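What follows is one structure encoded as C-alpha cells, with my remarks underneath.
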Amino acid sequence: MAQFLSRAVNDAPNIAKLMNTLDNKIDEMREEANKGFETPSYIFLGPIYEEMLQAITATDVTIAQKWLLAVAFVIKSEMIRLENGGTMPDQASAFFEGLISTLLDTLETLEGKPSLLANDMWITLCKAVSIILKPNVAASVKCHKRMANRTFKFVLQTASTERTEQLLLLLLTWMCSVRSFDGERAEDVVYINQMQMLQRSSNDSTSTDATSLILCNLQKVNKRDPKVLPAFINENVKLVTNELVLGATDKLYRVLQMIGAVLNACKKCDSDIFVDLEPLWNMFDALFQHLGDLSSGTVTEAILLLSLVAKWLGPDLVLVNIQHIQKIVTRLFDHQIDTLMQHATNIEKLLREFDELCSDFYLVMTEQLGRMIEELDKEIDGARFRHAHKLIGIITQLDGASVGHLVEVSVLKLALIYKPHWTDVNVADATIRLIHRHLSTGCSRHTKALRILLAFTKQLRSIVGHHRLADRTILAIGGMLSSTHETNVNTEYTLYTNELQRYMEASMQRRDIETPVEDPTEMSTSPAKRTMRTKQDDIVDAIKKKLRCMRQPVRPDCSTGPYITNQVCNNGCNMSLNSQI
Numbered sequence: 013m014a015q016f017l018s019r020a021v022n023d024a025p026n027i028a029k030l031m032n033t034l035d036n037k038i039d040e041m042r043e044e045a046n047k048g049f050e051t052p053s054y055i056f057l058g059p060i061y062e063e064m065l066q067a068i069t070a071t072d073v074t075i076a077q078k079w080l081l082a083v084a085f086v087i088k089s090e091m092i093r094l095e096n097g098g099t100m101p102d103q104a105s106a107f108f109e110g111l112i113s114t115l116l117d118t119l120e121t122l123e124g125k126p127s128l129l130a131n132d133m134w135i136t137l138c139k140a141v142s143i144i145l146k147p148n149v150a151a152s153v154k155c156h157k158r159m160a161n162r163t164f165k166f167v168l169q170t171a172s173t174e175r176t177e178q179l180l181l182l183l184l185t186w187m188c189s190v191r192s193f194d195g196e197r198a199e200d201v202v203y204i205n206q207m208q209m210l211q212r213s214s215n216d217s218t219s220t221d222a223t224s225l226i227l228c229n230l231q232k233v234n235k236r237d238p239k240v241l242p243a244f245i246n247e248n249v250k251l252v253t254n255e256l257v258l259g260a261t262d263k264l265y266r267v268l269q270m271i272g273a274v275l276n277a278c279k280k281c282d283s284d285i286f287v288d289l290e291p292l293w294n295m296f297d298a299l300f301q302h303l304g305d306l307s308s309g310t311v312t313e314a315i316l317l318l319s320l321v322a323k324w325l326g327p328d329l330v331l332v333n334i335q336h337i338q339k340i341v342t343r344l345f346d347h348q349i350d351t352l353m354q355h356a357t358n359i360e361k362l363l364r365e366f367d368e369l370c371s372d373f374y375l376v377m378t379e380q381l382g383r384m385i386e387e388l389d390k391e392i393d394g395a396r397f398r399h400a401h402k403l404i405g406i407i408t409q410l411d412g413a414s415v416g417h418l419v420e421v422s423v424l425k426l427a428l429i430y431k432p433h434w435t436d437v438n439v440a441d442a443t444i445r446l447i448h449r450h451l452s453t454g455c456s457r458h459t460k461a462l463r464i465l466l467a468f469t470k471q472l473r474s475i476v477g478h479h480r481l482a483d484r485t486i487l488a489i490g491g492m493l494s495s496t497h498e499t500n501v502n503t504e505y506t507l508y509t510n511e512l513q514r515y516m517e518a519s520m521q522r523r524d525i526e527t528p529v530e531d532p533t534e535m536s537t538s539p540a541k542r543t544m545r546t547k548q549d550d551i552v553d554a555i556k557k558k559l560r561c562m563r564q565p566v567r568p569d570c571s572t573g574p575y576i577t578n579q580v581c582n583n584g585c586n587m588s589l590n591s592q593i
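For the sequence shown, the numbering used here assigns the number 13 to the initial residue and increments by one for each residue that follows.
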C-alpha cells in the first residue's frame with residue numbers, strides 16, 4: 013500500500029491528476045466494501061512513511077501538497093473500513109502520533125508567516141485528530157489523549173481562525189464526552205471560556221454546535237447543583253447589560269441565543285428552576301433603549317427572547333408583570349419611525365404574542381397606537397406608502413374594543429384613497445387583516461360603516477387575488493348587514509366616496525381621544541348612556557379581573573401539573589421553569 017501511494021505521488025504531473033487518481037481509488041474501495049469484500053488498510057510505517065513526514069515539512073510546496081493529499085486518502089480509506097466493521101491496524105498509533113506531531117511542529121514554524129501550505133495542514137490536522145478521537149478508534153490508538161491535549165494547547169496559543177475554531181470545537185466535544193466542567197478546577201475555567209468563545213463565533217454552524225456543547229455540559233453539572241442553570245442565565249444577562257454600557261454590541265445576539273437555549277433546556281430538568289426576572293427586565297429595557305445602535309440580528313434575538321420569556325410566564329404572570337412589560341415594549345416605540353420600521357415585522361409578532369397571552373394588553377399601549385395612527389395618517393395624506401403596510405400591521409395588533417373608534421377612522425381614511433395608489437399588494441394584504449381584526453372587536457356595527465368596509469374589502473380582494481381572510485371578512489360583513497335588514501345593498505366602491513367623507517367628518521367630530529371613553533360597540537349613543545370612565549379605569553379593572561381569576565399556588569409536592577411557587581408572590585419577580593410546562 014505504501015508503494016501505491018509513493019508511485020501515485022511521484023508519477024502524478026500535478027495536484028489535479030493526483031487528486032483524480034486517489035478519488036478513483038476511493039470509489040473502488042467503496043464499491044468493494046458494498047459488495048462485502050474486505051478492504052485492506054493503507055496505514056503504513058517504514059522508509060516511505062519517513063519520506064512522507066519529511067516531505068510535509070519541506071520547502072517544496074507541490075511535493076508537500078501531494079503528500080497531504082495522500083494522508084487525506086489514508087484517512088478516508090480507514091473511515092470506509094471502520095464503517096464496514098473493520099478495525100485499526102497495530103501500527104495506527106505510531107502512524108498518527110508521528111503525523112500529528114509533524115503537522116503541529118510545522119504549523120508552529122509557519123505561525124505568522126505567509127504560507128500556501130498552512131490551510132491544507134490545518135485541514136489535514138483536523139481530519140487526523142477527528143479520526144483518532146472516535147470511540148472505536150481511541151481504544152487502539154493509544155496516543156489519542158496525549159495528541160489531543162498537545163493539539164489543544166497549541167490551538168490556544170494560535171490566532172483564532174475558522175480552521176482553529178473547527179479543531180477546538182472537535183477537541184472540546186471529545187473532552188465533554190468523557191467529563192464535565194463545573195468551574196471548580198482551574199483548568200475548567202479555560203475549557204468553559206473556550207466553549208463560550210466558540211458560541212459567539214460568527215460562523216452559524218460553529219455557534220450552534222458550541223451552544224449544544226454548552227447545554228450538554230450545563231445539564232450534567234445541573235444534576236449535581238440545581239443552581240447552575242439560573243446562575244448561568246443571570247451571568248449572561250449581566251454580560252449583555254455590561255456590554256451595552258461599554259458599547260460592545262457586535263456579538264450580543266449570540267449571548268441572547270444562548271440565554272434562550274438555556275431557558276428551553278430548563279424544560280428537561282427534573283427539578284424546578286427559578287430565575288430572577290428583575291435583571292431580565294433591566295436587560296430588555298437597556299437593549300431596546302439602544303435599538304438604533306444594535307444590528308438587525310441582535311434586535312431579532314432580543315425580541316425572540318422576550319417572547320420566549322412571556323410564554324414561560326403565561327397569562328397570569330404576564331399580567332402580574334404588566335408594568336415591566338409595558339415599559340419594555342414602550343421603549344421600542346420611543347425611537348424615530350425609520351428605526352422602528354426596520355424591526356416592524358418582529359415587533360408585530362411580539363405584540364401578537366402578548367395579545368394572545370393577555371387580551372387586554374392593548375389597553376396599556378393606547379399612546380403608542382395613537383402615534384402609529386398619526387404616522388399612517390401622514391403617509392395617507394402624502395400618498396407615500398413608504399412604511400404603510402408595516403404601520404398597519406402594528407396597528408392591527410394594538411386594535412381593541414376601547415380604541416376601535418381610533419382605528420376605524422384610519423381604516424375609513426384608507427378607503428378614501430384612489431385605486432391607483434393600491435399597487436402595493438403588501439399594503440392591501442395588511443389592510444384586509446386590519447379590517448378582519450377590527451370587526452372582531454365589535455366596534456363596527458353601524459350600517460354605513462359596514463357598507464363602506466364591505467365595499468372596501470371587495471376592492472382590496474380584487475387587488476390581492478385569492479385571499480381566504482378577505483373572503484371570510486366579506487362573508488362576516490354580509491352577515492352583519494343581513495342582521496340589520498340591509499340585504500339589498502349596492503356595494504360598488506366608487507358610489508360611497510362622498511358618503512364616506514361625510515361619515516368620517518361626523519365621526520371625527522363626535523369622538524375625541526381626550527374625552528371620556530364611550531361604549532365602543534355603539535356608533536351613536538345618547539348623552540345619558542355615556543360614562544365618565546377613563547382608560548386608566550379600564551386598565552385597573554382588567555388587571556383586577558385577571559388577578560381574581562389567577563390559579564392558586566400549589567405545594568411543590570403536588571403532582572397535578574405545573575405550578576407557581578410562593579417565590580412568585582414577591583412582586584412576580586421570579587418565574588418557575590417547571591419540567592412539566
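Every residue gets a Cβ at the ideal spot worked out from N, C-alpha and C, and that includes glycine.
Bear in mind that the values here come from a model prediction, so they are computed numbers and not experimental data.
- In the three-state scheme derived from DSSP, where H, G and I count as helix and E and B as strand, D288 is classed as strand.
- Proximity of the stretch 142-152 to the stretch 124-132 falls short of the contact definition, fewer than three beta-carbon pairs being nearer than 8 angstroms.
- Around the beta-carbon of N229, 16 or more other beta-carbon atoms lie within 10 Å, marking it buried.
- Following the DSSP letters along the chain, one finds F49 in no alpha helix (DSSP H), marked with neither H nor E.
- For a cut-off of 8 angstroms, the C-beta gap from M41 to T51 is around 5 angstroms, short enough to register as a contact.
- Assignment of H401 by DSSP, reduced to helix, strand and coil, places it in the helix class.
- Within a 10 Å sphere around the beta-carbon of V330 sit 16 or more other beta-carbons, which makes this residue buried.
- DSSP places N248 within a helical segment (H, G or I) once states are collapsed to three.
- Secondary structure in the stretch 283-356: the beta strand (DSSP E) runs of 3 residues or longer, each lying completely within the stretch, are 286-288 in chain order.
- Beyond the five residues adjoining it in sequence on each side, K78 comes within less than 7 angstroms, by CB distance, of V21, A24, I27 and L30 in the same chain, given in chain order.
- V153 carries a coil assignment under DSSP once its states are collapsed to helix, strand and coil.
- Take the alpha-carbon of V267 and the one of E255: they are about 11 angstroms apart.
- A Cβ-Cβ contact shorter than 7 angstroms links I87 with I143.
- Around the beta carbon of A198, fewer than 16 other beta carbons sit within 10 angstroms, so the residue counts as exposed.
- Under the Cβ criterion (8 angstroms, minimum of three pairs), the stretch 471-478 does not count as touching the stretch 449-456.
- In the structure shown, L410 adopts helical secondary structure according to DSSP, grouped into three states.
- Here S494 carries a helix assignment [DSSP, helix/strand/coil].
- The distance from the Cβ of V167 to that of T173 is about 10 angstroms, inconsistent with a contact at the 8 angstroms cut-off.
- For T114 against L65, the beta-carbon gap comes to about 5 angstroms, under 8 angstroms, which counts as contact.
- By a beta-carbon distance limit of 8 angstroms, S422 contacts I385. Their separation comes to about 5 angstroms.
- Taking all protein chains in view, the Cβ of E120 is surrounded by fewer than 16 other Cβ atoms within 10 Å, so the residue is classified as exposed.
- DSSP places K88 within a helical segment (H, G or I) once states are collapsed to three.
- With contacts defined as CB atoms closer than 7 angstroms, I60 and F107 fail to qualify as a contacting pair.
- I392 is positioned such that its CB atom lies no closer than 7 angstroms to that of A427.
- The beta carbon of T69 is closer than 7 angstroms to those of T114 and T118 in its chain, skipping five residues each way along the sequence.
- Taking every protein chain shown into account, the CB of K235 has fewer than 16 other CB atoms within 10 angstroms, so this residue is exposed.
- With contacts defined as CB atoms closer than 7 angstroms, L403 and E379 fail to qualify as a contacting pair.
- A direct Cα-Cα distance of roughly 23 angstroms separates V141 from V201.
- Shown here for M295: same chain residues with a beta carbon closer than 6 angstroms to its own, the five before and five after excluded, namely V249, V252 and T253 in chain order.
- Pairing A314 with V240, the inter-Cα distance amounts to about 23 angstroms.
- From the listed residues R343, D367, K263 and D350, the smallest Cα separation to P327 is found for D367.
- Annotation: T99 is outside any alpha helix (DSSP H) and is labelled neither H nor E by DSSP.
- Between L317 and I271 a beta carbon distance of about 6 angstroms is seen, short of the 8 angstroms cut, so the two are scored as contacting.
- With respect to D297, R343 sits close: the two C-beta atoms are nearer than 7 angstroms.
- D262 is the residue among L227, D262, E196 and R191 whose C-alpha sits nearest the C-alpha of S213.
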